[in-house]
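**Q** Numbering (my numbering), first residue to last: 570 to 879.
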Ligand SMILES: [Zn+2]
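#1: Run through DSSP, which three-state label would residue 712 get?
#2: Under 8 Å between the Cβ atoms of residue 669 and residue 653?
#3: Given that a residue counts as buried once 16 or more other Cβ atoms are within 10 Å of its Cβ, and exposed if not, what is residue 834?
#4: What would DSSP say about residue 769, mapped onto helix, strand or coil?
#5: With distances taken from CA atoms, which of 812, 819, 798 is nearest residue 782?
#6: Check whether the Cβ of residue 831 sits closer than 7 Å to any heavy atom of ligand 1, and report yes or no.
#7: Short check: CB of residue 847 to CB of residue 571, under 8 Å?
#8: Starting from residue 757, follow the beta strand (DSSP E) in both directions and report where the run begins and ends.
#9: Figure out for me which residue from 747, 703, 714 has the closest Cα to the Cα of residue 722.
#10: Going by DSSP, what residues sit across from residue 825 in a beta bridge?
#11: Since I believe residue 843 is in contact with residue 808 (beta carbons under 8 Å), could you give me their beta-carbon distance rounded to a whole number of angstroms?
#12: Using 10 angstroms around the beta-carbon of residue 828, count the other beta-carbons present and answer buried if the total reaches 16, otherwise exposed.
#13: Report the rounded CA-to-CA distance for residue 776 versus residue 675, giving the unit in angstroms.
#14: Specify, as a first and last residue, the run of the alpha helix (DSSP H) that residue 585 falls within.
#15: Of the choices 760, 740, 682, whose alpha-carbon is the least far from that of residue 578?
#16: Considering only C-alpha positions, which residue in the set 575, 797, 744, 757 is nearest to residue 769?
#17: If contacts are defined as beta-carbon pairs under 8 Å, then residue 717 and residue 744 qualify, I think. What distance do you get, rounded to the angstrom?
#18: Flag this pair as yes or no: are the beta carbons of residue 581 and residue 603 separated by less than 8 Å?
#19: Considering only the alpha carbon of each residue, which of 575, 618, 672, 679 lies closest to residue 629?
#20: My parser needs the beta strand (DSSP E) runs of 3 or more residues fully inside the region 673–747; what are they?
#21: Please list, in chain order, all residues of the same chain as residue 824 whose beta carbon is under 8 Å from its beta carbon, the five residues on each side excluded.
#22: For ligand 1, any of its heavy atoms closer than 7 Å to the Cβ of residue 738?
#23: Please work out which residues of its chain come closer than 8 Å, Cβ to Cβ, to residue 852, disregarding the five sequence neighbours upstream and downstream, and give them in chain order.
#24: Compare the beta carbon distance of residue 696 and residue 647 with 8 Å and say whether it is the shorter of the two.
#25: Out of curiosity, what's the CA-to-CA distance linking residue 753 and residue 657?
#26: Alpha carbon to alpha carbon, what distance is there between residue 849 and residue 863?
#27: Closest by CA to residue 573, which one among 712, 592, 612, 661?
#28: Leaving out five residues on either side along the sequence, give the residues of the same chain with a beta carbon under 8 Å from the beta carbon of residue 715.
#29: With a CB to CB cut of under 7 Å and the five nearest residues on each side skipped, what residues in its chain are close to residue 731?
#30: Could you tell me which of 826, 854, 878 sits nearest to residue 868, measuring between CA atoms?
#31: I want to check one thing, is the minimum distance from the CB of residue 760 to the heavy atoms of ligand 1 below 7 Å?
Pasting the structure below:
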């Protein structure tokens with residue numbers, strides 16, 4: 570039996586939103602990768618679902634986030650999931666009874682201050698990706714220079730006070746280091762890869778990986794071919810390469826999976842969706858990786874991270 574899987578990022582809620590509005594979206598593949606059946610086939614015990622508001626909806630970001638939040642209750646039913654509110658809920662999860670954690674990707678719906686953060690917590694958000702790649706009132710994302718603003722520093726403090734985990738995927742390098750200097754709790758990179766193998770700006774470098782791990786955080790490896798090898802045709806072997814490297818730099822308990830399913834134009838050619846998690850597990854085994862490390866990377870590490878930090 571494959572190990573239970575925990576995945577730190579997917580864009581299924583966004584895809585559902587786009588489909589409902591009959592909006593075409595050439596950035597991603599057709600159809601859903603994350604479904605009740607594919608999760609079962611892949612032995613998934615925990616899925617983080619992100620609410621991401623695309624720039625087209627910048628002027629109505631709060632409304633769109635709230636619509637996705639409402640839809641997350643429908644998704645919960647459609648996929649037979651249990652919503653995770655706190656650490657105790659993690660204990661109950663298994664591939665037979667998978668759970669989900671609601672994340673907000675990008676702080677755009679918050680506006681320019683942190684006043685609404687408790688509302689998002691109250692409605693179930695447990696992870697906040699500070700910024701999508703474009704700048705917001707709190708910080709810059711990749712491709713831009715600035716780090717955290719005054720409000721950005723306050724946002725991290727408020728997240729820690731309220732109980733929302735800070736996610737640094739998409740953050741500019743300056744934002745990353747400012748966050749490292751401001752935070753007192755472990756943070757995530759929910760869907761990034763190692764810049765060692767692809768200079769794509771969304772990847773993080775060795776120093777960032779080390780600092781993230783030393784602060785108790787985790788890197789969850791994304792499956793976007795561009796992040797993996799800089800082309801649109803990567804393979805599971807590339808995913809394995811990133812995992813092995815991250816384990817080397819960060820330690821066996823600081824690396825997990827952050828697929829980005831339902832949000833990518835190019836998946837690895839031999840990776841179609843959650844149903845292929847067992848193939849990743851098998852590929853890790855072929856490298857001679859220790860079983861305890863494989864179990865951790867596939868899901869054990871992320872489950873423990875949430876148990877300890879939610
Ligand atoms: Zn993203």
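We put the beta carbon where it would ideally sit given N, CA and C, even for glycine.
Every value quoted in this text rests on a predicted model; they were computed, and no experiment measured them.
**A** Per the coordinate set shown:
#1: Translated into the one-based positions of the chain shown, residue 712 becomes position 143. Residue 712 falls in the coil class under three-state DSSP.
#2: Residue numbering aside, residue 669 sits at position 100 when the chain shown is read from its first letter. Residue numbering aside, residue 653 sits at position 84 when the chain shown is read from its first letter. It is a contact, given that the beta carbons lie within the stated cut-off.
#3: The residue labelled residue 834 in the question sits at position 265 within the chain shown. Classification of residue 834: exposed, given that the 10 Å Cβ count is below 16.
#4: Counting from one through the chain shown, the residue named residue 769 turns up at place 200. Reduced to three states, the DSSP call for residue 769 is coil.
#5: As a position in the chain shown, residue 782 is number 213, starting the count at 1. Checked all of 812, 819, 798; the closest Cα to residue 782 is 819.
#6: Counting from 1 along the chain shown, the entry for residue 831 is found at position 262. At a cut-off of 7 Å, the beta-carbon of residue 831 does not count as near ligand 1: no heavy atom of the ligand is closer than that.
#7: By 1-based counting over the chain shown, the position of residue 847 is 278. By 1-based counting over the chain shown, the position of residue 571 is 2. For residue 847 and residue 571, yes; Cβs fall inside 8 Å.
#8: Translated into the one-based positions of the chain shown, residue 757 becomes position 188. Looking at the DSSP string, the run of the beta strand (DSSP E) that includes residue 757 is 757–761.
#9: Mapped onto the chain shown, residue 722 falls at position 153. Nearest to residue 722 by C-alpha distance, out of 747, 703, 714, is 747.
#10: Taking the chain shown and counting its residues from 1, one reaches residue 825 at position 256. Looking at the DSSP output, residue 825 sits in a beta bridge with 789.
#11: As a first step, residue 808 is located in the chain shown; it is residue number 239 there, counting from the start. As a first step, residue 843 is located in the chain shown; it is residue number 274 there, counting from the start. Rounded, the Cβ-Cβ distance is 14 Å, inconsistent with contact.
#12: By 1-based counting over the chain shown, the position of residue 828 is 259. Looking at its Cβ environment, which holds 16 or more other Cβ atoms inside 10 Å, residue 828 is buried.
#13: Indexing the chain shown from 1 puts residue 776 at position 207. Indexing the chain shown from 1 puts residue 675 at position 106. Whole-angstrom Cα-Cα distance: 24 Å.
#14: Taking the chain shown and counting its residues from 1, one reaches residue 585 at position 16. For residue 585, the uninterrupted alpha helix (DSSP H) run begins and ends at 581–589, by DSSP.
#15: Start at 1 with the first residue of the chain shown, and residue 578 comes out as number 9. It is 760.
#16: Position 200 of the chain shown, counted from the start, is the residue given in the question as residue 769. For the residues 575, 797, 744, 757, the minimum Cα distance to residue 769 belongs to 797.
#17: Position 148 of the chain shown holds residue 717. Position 175 of the chain shown holds residue 744. Going by Cβ atoms, the distance from residue 717 to residue 744 rounds to 6 Å, so yes, they are a contact pair.
#18: To locate residue 581, count along the chain shown from 1; it is residue 12. To locate residue 603, count along the chain shown from 1; it is residue 34. In this structure, residue 581 places its C-beta atom within 8 Å of the C-beta atom of residue 603.
#19: Within the chain shown, the letter at position 60 stands for residue 629. Nearest C-alpha to residue 629: 679.
#20: Complete beta strand (DSSP E) runs here, min 3: 694–698, 734–736.
#21: Residue mapping note: residue 824 aligns to position 255 of the chain shown, counting from 1. Excluding sequence neighbours, residue 824 sits near 787, 788, 789, 790, 812, 815, 816, 865, 866, 870.
#22: The residue labelled residue 738 in the question sits at position 169 within the chain shown. Yes, the beta carbon of residue 738 sits closer than 7 Å to at least one heavy atom of ligand 1.
#23: Sequence index remark: in the chain shown, residue 852 carries index 283 (1-based). Closer than 8 Å at Cβ, skipping near neighbours: 805, 806, 808, 809.
#24: For the purposes of this step, residue 696 is taken as the residue at position 127 of the chain shown. For the purposes of this step, residue 647 is taken as the residue at position 78 of the chain shown. No; because the gap between Cβ atoms is not below 8 Å, this pair is not in contact.
#25: One-based indexing of the chain shown puts residue 753 at position 184. One-based indexing of the chain shown puts residue 657 at position 88. Distance between the alpha carbons of residue 753 and residue 657 is about 22 Å.
#26: In the chain shown, residue 863 corresponds to position 294, counting from 1. In the chain shown, residue 849 corresponds to position 280, counting from 1. Whole-angstrom Cα-Cα distance: 10 Å.
#27: The residue you call residue 573 lines up with position 4 of the chain shown. For residue 573, the nearest C-alpha among the options comes from 612.
#28: Taking the chain shown and counting its residues from 1, the one referred to as residue 715 is at position 146. Answer for residue 715: 704, 708, 709, 741, 743, 744, listed in chain order.
#29: What you label residue 731 is simply residue 162 of the chain shown in a count that begins at 1. Within the same chain, 686, 687, 690 come within 7 Å of residue 731 by CB-CB distance, once the 5 residues on both sides are set aside.
#30: Here residue 868 is taken as the residue at index 299 of the chain shown, counted from 1. Comparing Cα positions, the closest option is 826.
#31: Residue mapping note: residue 760 aligns to position 191 of the chain shown, counting from 1. At least one heavy atom of ligand 1 lies closer than 7 Å to the C-beta of residue 760.
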